[in-house]
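Undergrad:
Residue numbers (my numbering): 65 to 338.
1. Would residue 158 be called buried (16 or more neighbouring beta carbons within 10 Å of its own) or exposed?
2. Kindly indicate the opening and closing residues of the beta strand (DSSP E) around residue 154.
3. For residue 99, does the three-state DSSP call read helix, strand or coil?
4. State whether the stretch 83 to 103 contacts the stretch 137 to 153, with contact taken as three or more CB pairs (one from each stretch) at a distance under 8 angstroms.
5. Using beta-carbon positions only, say whether residue 123 and residue 74 come within less than 8 angstroms of one another.
6. Are residue 286 and residue 311 touching if we call contact CB-CB under 8 angstroms?
7. Starting from residue 321, trace the beta strand (DSSP E) in both directions and tell me its first and last residue.
8. When burial is assigned at 16 or more other CB atoms within 10 Å of the CB, is residue 278 buried or exposed?
9. Of the choices 330, 270, 281 and 322, whose alpha-carbon is the least far from that of residue 162?
10. Decide if residue 323 is buried, meaning its Cβ has at least 16 other Cβ atoms within 10 Å, or exposed.
11. Straight-line CA distance for residue 255 to residue 265?
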């Protein structure tokens with residue numbers, strides 16, 4: 065039982081800078097069979113109190129905000145044994161284009177916290193990133209038709225169809241561990257055929273297209289590469305850290321999309337390397 069779609073401005077201080085995020089918050093608590101309904105106004109009061117406190121004292125991260133709300137929900141709902149909080153926020157980062165020009169790009173941050181009374185609190189941080197993939201299958205087929213130009217040294221990659229790819233990477237950890245959302249964004253962008261940008265001049269457009277076609281990927285490859293980079297980036301996180309990577313390519317020559325997802329743990333990923 066809870067409320068969804070609560071919109072709030074959230075001020076976050078992280079990596080030495082303040083950022084104001086427009087967030088949408090969902091909160092829930094369980095309801096015992098002996099009680100007919102939940103006190104919904106308490107949920108809104110908790111959100112307002114913590115967010116307003118952040119106006120004078122910035123929050124360290126959306127996952128920290130979710131954890132704080134989770135704890136206070138159980139304090140306020142004495143009949144509840146479980147609380148869950150979801151937060152999504154619009155986020156912007158300065159990125160470097162292939163020509164070196166700087167650009168402000170948009171992303172979506174995702175946070176979640178769960179807390180069972182008497183047990184530890186778990187928090188999750190994730191990022192949703194838009195990029196580009198070039199299809200390896202079409203590239204190979206076109207290359208065969210054109211006479212195997214891929215095998216000629218110095219040749220540009222063969223043409224292929226492109227896809228807008230939307231990938232979400234999320235890590236769930238115990239409360240004492242930290243995961244930097246900016247790092248997750250870098251990992252996801254490095255797993256595309258190429259990052260994409262809001263504003264591109266003609267030469268920059270050509271650079272993005274050439275980069276993508278020199279690095280063709282299936283949607284499954286995007287997931288695999290994300291997992292490999294996450295494993296390399298977070299050697300300090302425990303084996304029971306839950307990792308979710310979901311990638312969807314919006315097809316340009318089909319009326320359907322291609323999607324791949326893996327939900328695993330860092331322990332399982334580490335054992336794959338043994």
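A virtual CB, placed ideally from N, CA and C, is assigned to each residue, including glycine.
TA: Quick answer:
1. With fewer than 16 other beta carbons inside 10 angstroms of its own, residue 158 counts as exposed.
2. Residues 146 to 160.
3. In this structure, DSSP gives residue 99 a state outside helix and strand, which the three-state scheme calls coil.
4. These segments touch.
5. Taking 8 angstroms as the Cβ cut-off, residue 123 and residue 74 qualify as a contacting pair.
6. When the beta-carbon positions are compared, residue 286 and residue 311 come within less than 8 angstroms of each other.
7. Following the DSSP letters along the chain, one finds residue 321 inside the beta strand (DSSP E) bounded by residues 321 to 329.
8. Residue environment for residue 278: exposed (fewer than 16 other C-beta atoms within 10 angstroms of its C-beta).
9. For residue 162, the closest alpha carbon among the candidates 330, 270, 281 and 322 is that of 270.
10. Residue 323 is exposed by the Cβ-count criterion.
11. Near 24 angstroms, if we compare the C-alpha coordinates of residue 265 and residue 255.
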